[in-house]
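Right, one structure below, let's go through it.
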Amino acid sequence: MDGRLMISVSGVRGVVGEGLDPITVARFGAAFGTFLGKGSKVVVGRDTRTSGEMVKSLAVGGLLSTGCKVIDVGICPTPTVQVAVMHHKAEGGVAITASHNPAEWNALKFMGPEGIFLDSAQGERLVSIFENPQSYRYAKWDEIRPVEGDEGAVERHIEAVLSLVNVGAIRGRKFKVAVDCCNGAGALVIPELLSRLGCEVIPLHCQPNGLFPHNPEPVAENIGELCQLVRESGADVGFAFDADVDRLAIVSERGEPLGEEHTMALVVDYVLSRRPGVVVTNVSTSMAIDDVAERYGCKVVRTPVGEVNVCKAMREHGAVIGGEGNGGIIVPDLHYGRDALIGAALVLEYMAEAGEPISALAGRIPRYFMVKGKMPLPQGVSREELLSKVRAALEGLKMDLTDGVKVICEDGWLHIRPSGTEPVVRIIAEAEGEERARELVEEGRKAVEMAMSRIGPP
1 MDGRLMISVS GVRGVVGEGL DPITVARFGA AFGTFLGKGS KVVVGRDTRT SGEMVKSLAV
61 GGLLSTGCKV IDVGICPTPT VQVAVMHHKA EGGVAITASH NPAEWNALKF MGPEGIFLDS
121 AQGERLVSIF ENPQSYRYAK WDEIRPVEGD EGAVERHIEA VLSLVNVGAI RGRKFKVAVD
181 CCNGAGALVI PELLSRLGCE VIPLHCQPNG LFPHNPEPVA ENIGELCQLV RESGADVGFA
241 FDADVDRLAI VSERGEPLGE EHTMALVVDY VLSRRPGVVV TNVSTSMAID DVAERYGCKV
301 VRTPVGEVNV CKAMREHGAV IGGEGNGGII VPDLHYGRDA LIGAALVLEY MAEAGEPISA
361 LAGRIPRYFM VKGKMPLPQG VSREELLSKV RAALEGLKMD LTDGVKVICE DGWLHIRPSG
421 TEPVVRIIAE AEGEERAREL VEEGRKAVEM AMSRIGPP
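Letter by letter, the sequence shown follows residues 1 to 458 in this note's numbering.
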């Protein structure tokens with residue numbers, strides 16, 4: 001990844017000191033304050049990245065300069081910021097985190113009321129303000145307010161999660177749980193939550209110092225240590241979290257990673273067994289979700305990739321559960337946002353209520369093979385032009401154009417889309433066999449290469 005500034009529906013992110021420099025951060029703070037309006041209440045929180053305090057101070061300065069009232073919830077998970085926005089009835093929120101990106105990256109993720117991230121139209125309006133400093137509405141000296149602290153945000157979040165699960169059933173099982181928090185914000189929350197659920201916690205990388213011992217994305221290739229710890233400790237389950245605790249990956253009692261796609265499928269299976277209803281997920285999530293929903297006679301709604309897109313559709317359809325296949329679980333009874341705290345609690349409740357090991361519960365989920373690849377997206381190449389050329393390269397095939405280009409086959413699917421969080425083109429395929437999934441990804445690579453050749457140098 002290069003250090004260019006990336007501005008998308010997911011917020012603004014870049015390598016600190018390169019794409020994401022101090023002036024840019026302060027300007028985005030002022031732009032967001034202008035977007036919300038003078039006197040608006042804004043909740044701000046961050047993950048443990050070493051650049052976090054610097055980025056937070058600059059963003060807060062920008063917000064204060066426009067007359068906003070800032071409530072600082074400190075180091076905490078992104079979903080805790082979302083819950084705090086609701087608690088304080090704030091007009092907006094800012095989570096300072098680059099989530100699964102490496103430690104040199106940081107980002108500002110903007111929320112509106114109810115802690116829901118800005119949608120594309122709102123994001124475009126914010127960027128328009130950012131690009132026009134003359135439009136910033138600065139406050140007078142006597143309209144600038146002091147920052148208010150909130151030390152109770154994490155506790156309220158934990159209590160809210162506990163109120164939604166059968167704590168007694170989980171405590172009765174006395175689960176042994178290995179956790180890898182990657183030295184992120186989860187280190188301050190997850191061990192406490194699990195202890196309150198009566199679990200014996202076996203911690204790995206639970207120092208909230210922002211020094212990530214491995215890539216923080218909770219995927220199989222990054223959680224080998226956790227798998228080994230589960231095997232050696234005899235844990236009932238292992239949980240891996242990303243830096244801001246909105247994604248969850250699960251390791252079975254055998255020390256085998258279940259794959260991030262299984263997180264949502266397991267939770268959907270459990271939730272629908274108790275409360276049938278609509279499920280919402282994005283177009284890149286596994287077909288297993290459809291199979292699980294069909295088991296309970298429930299409908300699945302597919303959206304473009306992005307948490308805000310899933311949340312908007314969940315509200316529209318009155319969904320009982322939603323999320324994304326990267327390990328992000330959205331429980332509307334808690335808040336509209338991906339939340340690994342409630343994800344972990346629901347998995348433990350499922351294990352407790354079923355009286356079965358996690359591997360047996362995972363065995364209930366239809367088995368598909370998903371292969372993910374990515375290719376560099378040259379600077380200056382537009383998303384629209386690339387996708388137009390990809391469509392031309394795949395002409396004649398059945399396509400879903402909800403987000404990027406998704407080719408529907410009899411035995412699987414292939415999805416090609418430029419990332420909103422990295423300067424890459426993502427190529428994802430799923431099929432009943434691993435070899436077929438890899439073939440589809442290779443077909444996707446060839447289509448992208450052909451598209452690039454038709455675009456030429458930027």
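Idealized CB from N, CA, C, for every residue including glycine.
The model shown is predicted, which means the values in this text are computed figures rather than measured ones.
Unbroken alpha helix (DSSP H) run spanning residue i, endpoints
i	result
G115	Where G115 is concerned, there is no enclosing alpha helix (DSSP H), given that its DSSP letter is neither H nor E.
P22	P22 to L36
R438	E434 to I455
K56	G52 to S65
I190	I190 to R196
T80	T78 to H87
R315	E307 to H317
R295	A288 to R295
Range of the contiguous beta strand (DSSP E) that encloses residue i
i	result
N183	Where N183 is concerned, there is no enclosing beta strand (DSSP E), given that its DSSP letter is neither H nor E.
D72	K69 to I75
L204	E200 to L204
R364	Element bounds for R364: n/a, residue is neither H nor E.
G19	Unbroken run through G19: none, as it is neither H nor E.
A429	V424 to A431
A95	G92 to I96
S8	M6 to S8
Between the CA atoms of residue j and residue i - distance to the nearest angstrom
i	j	result
G123	G11	8 Å
A319	E114	17 Å
E200	V177	6 Å
M1	Q82	For M1, the predicted structure reports a pLDDT of 43, less than 50, and the residue's modelled location is therefore unreliable. The matter cannot be settled from this model.
G322	S453	38 Å
Q228	D236	13 Å
A84	K398	44 Å
G184	E395	44 Å
I7	A360	42 Å
F496	R125	Because residue 496 is not part of the residues shown, which for the chain are 1 to 458, the question remains open.
R364	E353	15 Å
T303	G404	11 Å
C76	I289	30 Å
D119	C311	10 Å
F369	M375	20 Å
G337	E307	7 Å
I427	N326	14 Å
R247	A393	34 Å
A30	L348	42 Å
R49	A220	22 Å
D411	R417	20 Å
V267	E324	12 Å
E443	V390	11 Å
A313	E232	43 Å
A243	D150	21 Å
Given residue i as reference, the closest of the options once Cα atoms are compared
i	options	result
I408	A429, N326, D142 and P357	A429
L346	A169, L258 and K109	A169
D47	T80, G62 and G19	T80
L334	A26, V16 and S163	S163
H317	G14, G224, S286 and G277	G277
A373	K446, A393, R391 and A313	A small fix is needed here, since residue 373 is Gly in this sequence, not Ala. Answer by Cα proximity: K446.
E143	N222, A121, L63 and E53	L63
E256	M264, D242 and G234	G234
V371	R145, E434, G238 and S128	E434
T97	E53, K406, I129 and S135	E53
Buried versus exposed, by CB contacts within 10 Å (16 or more), residue i
i	result
K41	buried
R254	exposed
E384	exposed
I250	buried
K89	exposed
E449	exposed
G355	exposed
K174	exposed
G37	exposed
I23	exposed
W141	exposed
L211	exposed
G459	The displayed coordinates of the chain run from 1 to 458. Any statement about residue 459 would go beyond what the structure contains.
A121	exposed
Closer than 7 Å: residue i CB and nearest the ligand MN heavy atom
i	result
K398	Absence of the ligand MN is noted for the structure shown, with no ligands found whatsoever.
Minimum Cβ-Cβ distance from residue i to chain B less than 8 Å
i	result
H335	Chain labels in this structure do not include chain B; a single protein chain is all it has.
Entirely within the segment 368-420 and at least 4 residues each: give me those alpha helix (DSSP H) ranges in chain order. 383-393
Scan the segment 216-282 and note each continuous alpha helix (DSSP H) run of 4 residues or more that stays entirely inside, going in chain order. 224-233 and 260-274
At what residue ranges does the segment 329-363 contain a whole run of the alpha helix (DSSP H), taking only runs of 4 or more? 340-354 and 358-362
Output the residue ranges of the alpha helix (DSSP H) runs that lie fully inside the segment 127-180 and measure 4 residues or longer, sorted by chain position. 153-162 and 167-173
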